[in-house]
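Working notes, beginning with the structure itself.
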Amino acid sequence: MRKVVVIGDGGHGKVIREIIEELQDTELVGILDDKFVNLHVENNLYKGPSSAAIELFQVLPGVQFILGVGANTVRKQLFERLGLPLESYTILVHPSAVISKSAQIQNGTVVMAASVVQADTNIGAHSIINTGVIVEHDNQIGDYVHLSPGTVLTGEVKVKAGAHVGAGTVVIPGKTIGCRSITGAGATVIDDIPDDATAVGIPARIIKNSIKG
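All residue numbers for the sequence shown refer to our numbering, where the first residue is 1 and numbers rise by one.
See the structure below:
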């Protein structure tokens, strides 16, 4: 039985906990969030601040973690601050998701209900494939990416580290969304989006590029 501690007790963490409940080989053993002051046991669950993950890693053999935080930058900061090995983070896939046998998913990533990940797609660490996302063949998804509900990535799309793809975004084949970039909800991406940009609309147009000011 896989024993998992969720770090984060907001809305995203709530959805992750319900995924764990659906998995017959996985047990929730703790919830960590900085709203808790001290590590303690409550209703048979460990609860405490996020920093308590270090202690639980030492005292609970084989325990695994998942970062239940929706914001990409916060997930990255938490991972770096805790300093736990990547291998101590699990992969969670909702039972209703469809994952190709040739797809690769790295530790810390969550694939939510009704999502589809097709052949030869690679998904990095600590990313979120949210509800009803379609990731077609040969996609390359970086670390700390969030694909919001209803996103459609067609073939050979690249989404680089830290990007946030808004709900209902559609990306045509072969296009790239740069590091830390954002697409607005419902955008249709027909051109590459550079790093640190925000793009909205149909077709998506850049309205902000923090590199250029």
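Each residue gets a CB set at the ideal place from its N, CA and C atoms; glycine is no exception.
All figures in this text were calculated on a predicted structure; none of them were measured in a lab.
A187 and A199 do touch by the CB rule: their CB atoms are close to 6 Å apart, below 8 Å. Boundaries of the beta strand (DSSP E) harbouring L45: 45-48, taken from the DSSP string. Here E27 carries a strand assignment [DSSP, helix/strand/coil].
Here S51 is not near F65, since their CB atoms are 8 Å or more apart. In the structure shown, V69 adopts coil according to DSSP, grouped into three states. If you compare the alpha carbons of V133, K175, G62, I31 with that of M112, the shortest gap goes to V133.
Annotation for A53: the continuous alpha helix (DSSP H) segment containing it runs 52-59. Judged by DSSP in its simplified three-state form, E22 adopts helix. Look at the segment 63-129 and you find these whole runs of alpha helix (DSSP H), each 4 residues long or longer: 72-82. For Y144 against G166, the beta-carbon gap comes to about 16 Å, at or over 8 Å, which does not count as contact. Distance check between V59 and each of K76, L39, Q77 places L39 closest, using alpha-carbon atoms only. Ranked by how close their Cα comes to the Cα of K35, the residues I7, T26, P203 have I7 in first place. In its chain, beyond the 5 residues on either side, H12 have a beta carbon closer than 6 Å to the beta carbon of G70. A distance below 8 Å separates the beta carbons of S181 and I193. Contact between the segment 124-141 and the segment 100-110 is present: three or more C-beta pairs spanning the two stretches fall below 8 Å.
Nearest Cα to L92 within the set T176, P149, K3: K3. One alpha carbon belongs to T154, the other to T176, and they sit about 11 Å apart.
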